[in-house]
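S.K.:
2 protein chains.
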Amino acid sequence: MTEGPRPRPTLRDIATALGLSVNTVSRALGDKDSVSAATRAAVQAEAARIGYVPNTLARSLVLGSAMTLGLVITNPSNPFYAQLISSIELRVRAQGYSLLLLVTDESVENEQRATEALLRSAVDGAVVVPVQAEWDHWRRVRDSGIPLVFVNRDVPELGCDMVGVDYERGSYEATSHLIAGGARRLLLLEEDLPITTTADRITGFRRAMADAGLKVSDDQVQAVPTKRYDSLALPWQPEEAYRFAQTLLTDAHPDGHPDGFVTGNDYFALGLLRALAERDLAVPGDVAITGYGDHPYAAYLQTPLTTVRLPAAEVGTTAVDLLLQRLRAGTERPRKTLIRPELVIRASTGGPPALTNRQEQPSSTPG
Amino acid sequence: MTEGPRPRPTLRDIATALGLSVNTVSRALGDKDSVSAATRAAVQAEAARIGYVPNTLARSLVLGSAMTLGLVITNPSNPFYAQLISSIELRVRAQGYSLLLLVTDESVENEQRATEALLRSAVDGAVVVPVQAEWDHWRRVRDSGIPLVFVNRDVPELGCDMVGVDYERGSYEATSHLIAGGARRLLLLEEDLPITTTADRITGFRRAMADAGLKVSDDQVQAVPTKRYDSLALPWQPEEAYRFAQTLLTDAHPDGHPDGFVTGNDYFALGLLRALAERDLAVPGDVAITGYGDHPYAAYLQTPLTTVRLPAAEVGTTAVDLLLQRLRAGTERPRKTLIRPELVIRASTGGPPALTNRQEQPSSTPG
DNA sequence: TTGAAAGCGCTAACAG
DNA sequence: CTGTTAGCGCTTTCAA
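Residue numbers (my numbering), protein chains in the order written: chain B, 1 to 367; chain D, 368 to 734.
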């Protein structure tokens, strides 16, 4: 119990114990065919006996590959990213790689430090959810020969592979759905981050409105002011949308109050629902609402929430697959993949009041 | 653009360029004082010019430390664990270490493979949320000299450091709170995993009941049958608690229907709320409810949920600190720390109907 | 089939 | 202050 940990066994320990050369032991363990069956058996027995575990560090140094991939992500507390982490880790591990995790918290500075870490650790490649504000540091990583796959948000300037969600389409469908349900005075509540996902949803909203022959004034697209993103706390604060909506609903609306809200985030929908309830506005009677993300609680709100379900697992595994392909194959053109999200219709837009069965969820679970 | 990535620069590149020895370059970059100012400046300039980044692999090999910690966790989609990941990653990075992530998905088999990976990667230590069903593989890791800190769940047999939450106390307080509010026929809805967190909550429930002079029959402690844990999907399915509660509320209750529910999980509370609403039972009028976890939505449900808030960030940073201390100091007695959770009282137990302000949340944010 | 030698990139110990 | 030597643990030549 108090006995200090012995230094971990090496190939040499096995070699000397068996009167062999380090080299032979290495080959015996490596399943090369240039070793006699007897030797191999002896080596393996001795290895097992002393609990030999190969030293990846030394192995990587000579092989020139650490068999490690990096995952650079903004905020694990965002359920979408949490699922992404799971699916990526699973796939990476299944392919025999290790996963180095770096959290950026939407900070460019953290991201720059993350790239340093990737470089130093000599990862073979990285899956990245970029902050998007700057990307010179990513250029440096790419130029040093580390393949990158951007996830959820692209950095087109770098010409790397990319896997994302078709946010524009999701937003388009949500908006169209509200319009089809009779809403005319729509309002979009969006995140106020300078990222393409938000921009894409705005585009989808505008396009749906245009396709329906509805005009969009500037005050129909609102950015909910958000405190500094903090992955130690929540991904988003429902409270911010709540306060924002309180004001919004108090303001004079020359053309009448909004009768439909598209939100860029289920948390916004949550805050909004509260604000509406306080003003005795019925959902979906007076106002219809869509969320975005299909968070676990969405189906279980008093008024189950119509929302856009994101294919997190599929995005994650696709990203890893792209990365590994590029690791093997050489230089091809960058591939950009957008995976289609799914509008889940529930009571908040007049859908069935009963809960939407979670088991419908398409299983993109690998293996 | 099509130019292949040059091999990454090494110390030797700098040395030959400057007509110095590799060793001198190493010292110049390493800020040792045994280098002339001029040489150091020249070396640093050249290093910057060619974009030299030290190779951690080689460095680790000779130094005998990879400056890497492992994080073995069950399910990132559980908001508590998501916050744990963030806080741990932040702290680990702040201390100059890298973080290797392994997800076990509550599977012993995955956990065993994870320990292999930790051993091979030669991590300096690991923060572990153990599956708890078996632990021989952890013994092996510990015996090979890799310090372990168990988080949230302990494996007392191994005598490692441990940081957790005082689940028993949280449960005790929630139960006592319900009793104080007048509830007498209480029911506990718990997870059906064979883990200590669940067991501790059951203990807390029983103790609170006993302290109030209330008897607890076997059918007052119920385990909600759960599908195989799947970190690719949800941490828990509200639906399971919903269906379970449906049955529960239909069953005959000789002593009258329950008037208070303690749940081991906010998701269970969510499903339960739905089932109660469908039977026109008012919360908290007919039935009072407590959740566990204070998930982001808890404050924003139609009936804001009284729940137990978990100190995730504090647990995470404490775990890393313990691990690093042990890495530096030698063999002390294992330290076990339970951090106290906080009962947040809301409308589901007759608390204020207005939202509980999230900003009250104690900030255990480091640095 | 096995061994000897060389080297991955870096740092520590010792000379000079 | 700087260079030489040695070695971390492993794998890949090349001989024997």
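From the three backbone atoms N, C-alpha and C, an ideal C-beta is built for every residue, glycine too.
Since we're looking at a predicted model, the values are computed, not measured.
1. Using a Cβ-Cβ distance cut-off of 9 Å, determine whether Asn357 (chain B) contacts chain D.
2. Under 9 Å, Cβ to Cβ, is there at least one residue of chain B near Gln692 (chain D)?
3. Kindly provide the ranges of any beta strand (DSSP E) runs that are 3 or more residues long and lie completely inside the region 86-159 of chain B, ordered along the chain.
4. Looking at the unbroken beta strand (DSSP E) that takes in Met162 (chain B), where does it start and where does it end?
5. Taking only beta-carbon atoms, is Asp105 (chain B) less than 9 Å away from chain D?
6. Any beta carbon of chain D sitting closer than 9 Å to that of Thr56 (chain B)?
7. Buried or exposed, going by whether 16 or more other CB atoms sit within 10 Å of the CB of Val128 (chain B)?
8. By Cβ distance, which residues of its chain are closer than 7 Å to Leu485 (chain D), with the 5 residues on each side in sequence left out?
9. What residues from chain D crowd round Ile85 (chain B), counting only those whose CB sits closer than 7 Å?
10. With C-beta atoms as the reference, is Thr39 (chain B) less than 9 Å away from Ala48 (chain B)?
11. DSSP three-state call for Val711 (chain D): helix, strand or coil?
12. Measuring CA to CA, which of D:Ala612, D:Asp661, D:His620, D:Val629 is closest to Arg641 (chain D)?
13. Can you tell me where the alpha helix (DSSP H) holding Val588 (chain D) begins and where it ends?
14. What residues of chain D sit near Gln369 (chain B), judged by a beta carbon separation below 9 Å?
15. Closer than 7 Å by beta-carbon distance: list the chain D residues that pair up with Val128 (chain B), in chain order.
16. Between the C-alpha atoms of Arg725 (chain D) and Leu272 (chain B), what's the straight-line distance to the nearest angstrom?
17. On the CB-based measure, 16 or more other CB atoms within 10 Å of its CB, does Arg12 (chain B) come out buried or exposed?
18. Just checking my contact of Leu668 (chain D) with Leu57 (chain B) at CB under 8 Å: how many whole Å lie between their CB atoms?
19. Evaluate Pro352 (chain B) with the Cβ neighbour count: other Cβ atoms within 10 Å of its Cβ, from every protein chain shown; 16 or more gives buried, anything less gives exposed.
20. Which residues, in order along the region 112-138 of chain B, keep a beta-carbon less than 9 Å from a beta-carbon of chain D?
21. Hey, does Arg460 (chain D) have any beta-carbon neighbour from chain B nearer than 9 Å?
22. Who are the neighbours of Ser98 (chain B) on chain D, taking C-beta pairs under 7 Å?
23. Thinking Phe628 (chain D) and Leu554 (chain D) are a contact (beta carbons under 8 Å), I'd like their distance in whole angstroms, please.
24. Helix, strand or coil for Ile339 (chain B) per DSSP?
25. Assign Arg243 (chain B) to one of three DSSP states: helix, strand, or coil.
26. Strictly by DSSP, which residues pair up with Arg185 (chain B)?
27. Look at Thr704 (chain D) and Arg458 (chain D) and say whether their C-beta atoms are less than 9 Å apart.
28. If we call anything under 9 Å between Cβ atoms a contact, is Ala666 (chain D) one with Glu173 (chain B)?
29. What residues of chain D sit near Arg206 (chain B), judged by a beta carbon separation below 7 Å?
30. For Ala48 (chain B), name the three-state secondary structure that DSSP assigns.
31. Residues in its own chain within less than 7 Å of Cys160 (chain B) by CB, not counting five upstream and five downstream?
32. Please classify Ser217 (chain B): is it buried, with 16 or more other beta-carbons within 10 angstroms of its beta-carbon, or exposed?
33. Do the region 532-551 of chain D and the region 569-582 of chain D make contact, defined as three or more Cβ pairs closer than 8 Å?
34. So Ala288 (chain B) is in the beta strand (DSSP E); what residue range does that whole segment cover?
35. Report yes or no: do the region 649-664 of chain D and the region 681-696 of chain D share at least 3 C-beta pairs separated by less than 8 Å?
M.R.: Let's see:
1. Its pLDDT being 40, under 50, Asn357 (chain B) is placed unreliably by the model, and the measurement read from it follows with that caveat. Asn357 (chain B) counts as touching chain D.
2. no
3. 98-103, 125-128, 148-151
4. 161-165
5. yes
6. yes
7. buried
8. Gly437, Ala493, Val508, Ile513
9. Pro443
10. no
11. strand
12. D:Ala612
13. Note, Val588 (chain D): premise wrong, no alpha helix (DSSP H); beta strand (DSSP E) at 588-590.
14. There is no way to answer for residue 369 (chain B), as the model of chain B reaches only from 1 to 367.
15. What Val128 (chain B) touches in chain D: nothing, since even the nearest Cβ is about 15 Å away.
16. Note that Arg725 (chain D) has pLDDT 37, beneath the 50 cutoff, so the model's placement of it is unreliable and the number below is only indicative. So the two alpha carbons sit approximately 16 Å from each other.
17. exposed
18. With a Cβ gap of about 50 Å, Leu668 (chain D) and Leu57 (chain B) do not count as contacting.
19. exposed
20. Arg113, Ala114, Glu116, Ala117, Leu119, Arg120, Ser121, Ala122
21. yes
22. Leu467, Ala484, Ser488
23. 5 Å
24. strand
25. helix
26. None, per the DSSP bridge assignment.
27. no
28. no
29. None at all; the shortest Cβ gap to chain D is about 29 Å.
30. helix
31. Arg142, Leu148, Val149, Phe150, Pro334
32. exposed
33. yes
34. 288-290
35. no
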